[in-house]
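**Q**
Residue numbers (the working numbering): 38 to 426.
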């Protein structure tokens, strides 16, 4: 399948596993004509013989967000959804959310927002919603109230307050989980059914799912954590809630790398793949365009929960499109300006470089997110791939 073979790409990935930097890794890449690289190294679970392949099931976590975004954009194209409408038009319960504006001793100080967030602000992470692992106030709020976060899969996650005024700043958070609820309200379908009918089915993504079968779970990679004494990787039982109250548009999909590459290729090919038209080309153009104006994606975000994520240091020069982080300058030896990318909490990453005509992704299953040594594998893979072109 691969057209790039016997290169430093394989060496980068194999060395990452053999050195113990990651327990396993799968990487894929494609151009407009189809896959150009597929590599898989290491076991599904450390200490067990079964190897990972490009068809192994991974928790793609927040890479789900772009699928949910595409669902919303399809509804926009049909005239059923307006990105610039306030969210409560579609989900009235959103109007109940207040802003967490600090603390009076041990009591949270809450106030009403000046305006309601729009659907576009959900898509671009400027609604004011946050994630606990990058916001210490939300960690404290959850501890105080006993409310589950989105990973718990319980509906009380949607009572979490805003942490900023809508439109005031970029704050990565539960925006796309709310967007999934909007998609359900507008389409009249549960999110899993909508995905299957309008995105996953047409793209031939037969294994991608919110709810893997027992047989699929046998093909699922374990999430690996560091041994507290040695630092070595150990397989864990970490997983999503198998019976959630709602399908998580922000993180819930399981998907093989080979199938998500089809989704990436659809974006690379302006919304169409193998005759299946998922989006209009003009809509894809909007997805890769700056949607946050003069705001910037934060150059650095400090962790509020180190076991879940390290600090995220993107550096300057990033904007957000519709579901995609957009670099505004060429990255030497790597993606070109205007590329779109995103990632998942268990260290899965993808990018789509429409200028160079290349899309790629790299997958492992570890915590914490963006641990520097693990993130470097992604960087090294991308650099080696572009060198091999």
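Idealized CB from N, CA, C, for every residue including glycine.
Nothing here was measured: the structure is a model prediction, and the numbers come from that model.
If you reduce the DSSP assignment to three classes, tell me which class residue 372 lands in.
**A** In this structure, residue 372 counts as coil in the three-state DSSP scheme.
**Q** Could you tell me if residue 111 is buried or exposed, where buried requires 16 or more neighbouring beta carbons within 10 angstroms of its beta carbon?
**A** Buried is the call here.
**Q** Report the rounded CA-to-CA distance for residue 323 versus residue 357, giving the unit in angstroms.
**A** Looking at the two C-alpha atoms, the distance is approximately 11 Å.
**Q** So what's residue 257 in DSSP terms, helix, strand or just coil?
**A** Residue 257 falls in the strand class under three-state DSSP.
**Q** Please identify the residue among 44, 88, 179 and 122 whose C-alpha is closest to the C-alpha of residue 257.
**A** Looking at the Cα atoms, 88 is the closest of the given residues.
**Q** So, at 8 Å on beta carbons, what are the nonlocal neighbours of residue 128 in its own chain, with the 5 sequence-adjacent residues on each side left out?
**A** Hits under 8 Å: 215, 218, 219 and 222.
**Q** Starting from residue 127, follow the beta strand (DSSP E) in both directions and report where the run begins and ends.
**A** Premise fails: residue 127 is in no beta strand (DSSP E) and is neither H nor E.
**Q** Report the rounded CA-to-CA distance for residue 381 versus residue 201, giving the unit in angstroms.
**A** Taking the straight line joining both Cα atoms gives about 24 Å.
**Q** Leaving out five residues on either side along the sequence, give the residues of the same chain with a beta carbon under 7 Å from the beta carbon of residue 38.
**A** Confidence at residue 38 is low in this model, with a pLDDT of 46, below 50, so its placement is unreliable and no value can be given for it.
**Q** Judging by CA-CA distance, which residue of 177, 277, 374 and 117 is the nearest neighbour of residue 393?
**A** Nearest option by C-alpha distance: 374.
**Q** State the start and end residues of the unbroken beta strand (DSSP E) segment that holds residue 356.
**A** Here the beta strand (DSSP E) through residue 356 covers 355–357.
**Q** Leaving aside the five residues before and after residue 354 along the sequence, list all residues of the same chain whose C-beta is less than 7 Å from its C-beta, in chain order.
**A** 364, 365 and 366, listed in sequence order.
**Q** Taking all protein chains shown into account, decide if residue 148 is buried (16 or more other Cβ within 10 angstroms of its Cβ) or exposed.
**A** Exposed, since its Cβ has fewer than 16 Cβ neighbours within 10 Å.
**Q** Excluding the 5 residues flanking residue 332 on each side, which residues of the same chain have their C-beta closer than 6 Å to its C-beta?
**A** Answer for residue 332: 207, listed in chain order.
**Q** Compare the Cα-Cα distances from residue 210 to each of 163, 204 and 241 and report the closest residue.
**A** Selected option, being the one with the closest Cα: 163.
**Q** Consult DSSP for residue 73 and reduce its assignment to one of helix, strand or coil.
**A** Correct three-state label for residue 73: strand.
**Q** Cα separation between residue 91 and residue 50?
**A** Rounded to the nearest angstrom, the two C-alpha atoms are 13 Å apart.
**Q** May I ask you to list the residues that DSSP assigns as paired with residue 63?
**A** Note: residue 63 sits in a beta bridge opposite 77 and 400.
**Q** State whether the segment 108–123 contacts the segment 153–162, with contact taken as three or more CB pairs (one from each stretch) at a distance under 8 Å.
**A** At 8 Å Cβ cutoff, the stretches touch.
**Q** Could you check if residue 334 is buried or exposed, using at least 16 other CB atoms within 10 Å of its CB as the buried criterion?
**A** When all chains shown are included, residue 334 counts as buried.
**Q** Given a cut-off of 8 Å, decide if residue 188 and residue 137 are closer than it, judged by their beta-carbon atoms.
**A** No.
**Q** How far does the alpha helix (DSSP H) with residue 412 in it extend, from its first residue to its last?
**A** First-last of the alpha helix (DSSP H) with residue 412: 409–425.
**Q** Return the chain-ordered list of same chain residues with a C-beta closer than 6 Å to the C-beta of residue 352, the five sequence neighbours on each side being excluded.
**A** Closer than 6 Å at the Cβ level, and outside the excluded window around residue 352, lie 336.
**Q** Tell me whether residue 122 sits in a helix, a strand or coil according to DSSP, three-state version.
**A** Coil at residue 122, not helix or strand.
**Q** Going by DSSP, what residue range makes up the beta strand (DSSP E) through residue 193?
**A** Premise fails: residue 193 is in no beta strand (DSSP E) and is neither H nor E.
**Q** Tell me which residues share the same chain as residue 289 and place their Cβ nearer than 7 Å to its Cβ, disregarding the 5 neighbours each side in the sequence.
**A** Counting only Cβ-Cβ distances below 7 Å, and skipping sequence neighbours, we find 101, 247 and 277.
**Q** Out of 124, 177 and 191, which one is the CA nearest neighbour of residue 23?
**A** The shown model of the chain, from 38 to 426, leaves out residue 23, and the question about it has no answer.
**Q** DSSP on residue 38, reduced to helix/strand/coil?
**A** Low confidence applies here, because residue 38 scores a pLDDT of 46, under 50, leaving its location unreliable; read the following figure in that light. The answer is coil: DSSP assigns residue 38 none of H, G, I, E or B.
**Q** Roughly how many angstroms lie between the CA atoms of residue 406 and residue 244, to the nearest whole one?
**A** Distance between the alpha carbons of residue 406 and residue 244: 25 Å.
**Q** How would you write the range of the alpha helix (DSSP H) that residue 53 sits in, first residue to last?
**A** Looking at the DSSP string, the run of the alpha helix (DSSP H) that includes residue 53 is 45–55.
**Q** Quick check on the DSSP output: what are the complete alpha helix (DSSP H) runs of length 4 or more inside the segment 284–343, in order along the chain?
**A** As far as the segment 284–343 is concerned, its whole alpha helix (DSSP H) runs of at least 4 residues are 294–305 and 318–324.
**Q** According to the neighbour-count rule (16 or more other Cβ atoms, all chains shown, within 10 Å of its Cβ), is residue 419 buried or exposed?
**A** Buried: at least 16 other Cβ atoms inside 10 Å.
**Q** Please tell me whether residue 228 and residue 197 are closer than 8 Å, where the distance is taken between their beta carbons.
**A** Contact flag unset, no.
**Q** Could you tell me whether the segment 291–309 touches the segment 52–66, using the rule of 3 or more Cβ pairs below 8 Å?
**A** Result yes; three or more Cβ-Cβ pairs closer than 8 Å.
**Q** Starting from residue 144 and walking both ways along the beta strand (DSSP E), at which residues does that stretch end?
**A** Its beta strand (DSSP E) spans residues 144–148.
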